[in-house]
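Counting in my numbering, the sequence shown runs from 4 upward without gaps.
For every residue, glycine included, the Cβ atom is placed at its ideal position computed from N, Cα and C.
A short worksheet on the structure shown next.
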Amino acid sequence: AGRSVLVEVDLPQGALLSRVTKDAVTRLGLVPNGPVLALIKSTSIEVLLSG
């Protein structure tokens, strides 16, 4: 858990949560409220609907 961070990407109809390594945050230049392009590549995904 200490080697990763939870990143939240705000979307018009909710949010995308992703767990990434601290190294990835640095390499990608992720900063709070900064722009990001999110691509999903996974062997599994869990969709949670709100409302």
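Opening and closing residue of the alpha helix (DSSP H) in which T29 lies: The residue labelled residue 29 in the question sits at position 26 within the sequence shown. Going by DSSP, T29 is part of the alpha helix (DSSP H) stretching over K25 to L31.
Measuring only the C-alpha atoms, how far is S7 from Q16? The sequence position of residue 7 within the sequence shown is 4, counting from 1. The sequence position of residue 16 within the sequence shown is 13, counting from 1. Cα to Cα, the separation comes out at about 26 Å.
Quick check on DSSP: helix, strand or coil for A41? On the sequence shown, residue 41 is found 38 positions in, with the first residue counted as 1. A41 falls in the coil class under three-state DSSP.
Following the continuous beta strand (DSSP E) through L52, name the residue where it begins and the one where it ends. The residue you call residue 52 lines up with position 49 of the sequence shown. No beta strand (DSSP E) holds L52; DSSP gives it neither H nor E.
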